[in-house]
Each structure stands twice: as C-alpha cells, then as structure tokens.
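Quick note: the sequence shown uses full-length UniProt numbering, first residue 1, plus one each step. Reviewing the structure listed below.
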Amino acid sequence: MLLAVLISNSVGNILVERFNGVPAEERLHWRSFLVKLGADNLKHAKNEELFVASHKSVYIVYTVLGDICLYVVGKDEYDELALAEAIFVITGSIKDICKKPPTERTFLDKYGKICLTLDEIVWKVCITFLCFLVLLTLRN
Numbered sequence: 001m002l003l004a005v006l007i008s009n010s011v012g013n014i015l016v017e018r019f020n021g022v023p024a025e026e027r028l029h030w031r032s033f034l035v036k037l038g039a040d041n042l043k044h045a046k047n048e049e050l051f052v053a054s055h056k057s058v059y060i061v062y063t064v065l066g067d068i069c070l071y072v073v074g075k076d077e078y079d080e081l082a083l084a085e086a087i088f089v090i091t092g093s094i095k096d097i098c099k100k101p102p103t104e105r106t107f108l109d110k111y112g113k114i115c116l117t118l119d120e121i122v123w124k125v126c127i128t129f130l131c132f133l134v135l136l137t138l139r140n
C-alpha cells in the first residue's frame with residue numbers, strides 16, 4: 001500500500017503531502033521523521049539520486065530534485081523497487097510541468113498543476129492496487 005507522498009523544500013518546509021490510510025495522529029510523526037531523514041542525507045545528494053530507508057516495517061524512497069525533496073512511503077507490496085518506480089513517475093511529471101528541475105519558486109508557481117498531477121498519480125496507484133486485490137479475491 002502506498003502510505004504517503006511528501007514534498008518539501010530544501011530547508012524542510014512541507015510544500016505538498018498526501019497520506020493514504022495513515023491515521024491523523026501518526027501524520028505528525030511521519031512529517032517530522034521524513035524531514036529529519038532528508039536533512040541528514042540529502043544535503044549533498046545529486047539530482048534524482050535515490051535513497052532508501054525502512055522504518056517500522058515500511059519502506060521509504062526519497063530524493064532531491066532541484067530545490068525540492070520528495071519522499072514516498074509504502075508497505076507490503078510497495079517495497080523499495082515499487083516506490084522507486086513511483087518516485088520516477090512523480091519526478092518526471094514535476095520536470096515536465098516545470099520544464100526543468102524546479103526551484104522552489106517555480107514549484108510554487110506551478111503548484112496547482114503539480115497537485116492535480118500528484119493526485120492523479122496517487123489515485124491511479126491506489127485504484128490499481130484495489131483492482132489487483134479484487135482480482136486475487138475472485139480468483140481464489
């Protein structure tokens with residue numbers, strides 16, 4: 001299951017977040033954990049260099065793209081390989097929208113379109129997963 005997609009600027013301010021199936025009381029923990037993880041590891045990272053971590057039986061794939069940091073969190077079948085594919089789709093979409101790796105200003109100028117695209121990506125991932133579960137259930 002894809003649990004979260006979070007995008008922050010280089011100093012840790014959250015620009016966009018999407019949670020799926022994460023209780024409200026756990027979201028603050030995830031926000032602070034991911035931003036701290038990025039602050040510790042993304043300082044000298046190259047553009048689109050992927051980093052992988054795990055925490056409490058979930059996987060985290062994160063990267064830097066221009067002036068922004070992206071984090072994707074998943075569990076179960078959304079292991080590090082599936083999350084890497086998801087983050088490639090997200091970074092590719094952001095680059096297409098911004099026409100280059102974004103600065104924070106460019107990202108905020110295109111904020112509406114980025115949010116719409118991100119919602120489409122996350123929604124399709126969740127729907128695909130649900131369809132897969134239904135097919136498995138019907139098959140058995």
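All C-beta atoms, glycine included, are put in the ideal place defined by N, C-alpha and C.
If the five residues before and after C115 are omitted, its C-beta is found closer than 7 Å to the C-beta atoms of V16, all from its own chain and listed in chain order.
Contact check for L3 and L34: beta-carbon distance about 11 Å, past the 8 Å limit, so the pair fails to qualify. With respect to the C-alpha of A45, the residue from A53, K100 and G66 having the closest C-alpha is G66. A contact is defined here as three or more CB-CB pairs under 8 Å, and the segment 100-117 meets this definition with respect to the segment 56-73.
In terms of CA proximity to N13, G38 leads the group G38, V89 and E49. Scanning its chain for C-beta atoms nearer than 8 Å, with the 5 sequence neighbours on each side dropped, one finds around K110 the residues I97, C98 and P102, in chain order.
Annotation for K95: L65, P101 and P102 place their beta carbon closer than 8 Å to its own, counting only its chain and skipping 5 residues before and after.
Sixteen is the threshold: since fewer than 16 other Cβ atoms of the shown chains lie within 10 Å of the Cβ of S32, the residue is exposed.
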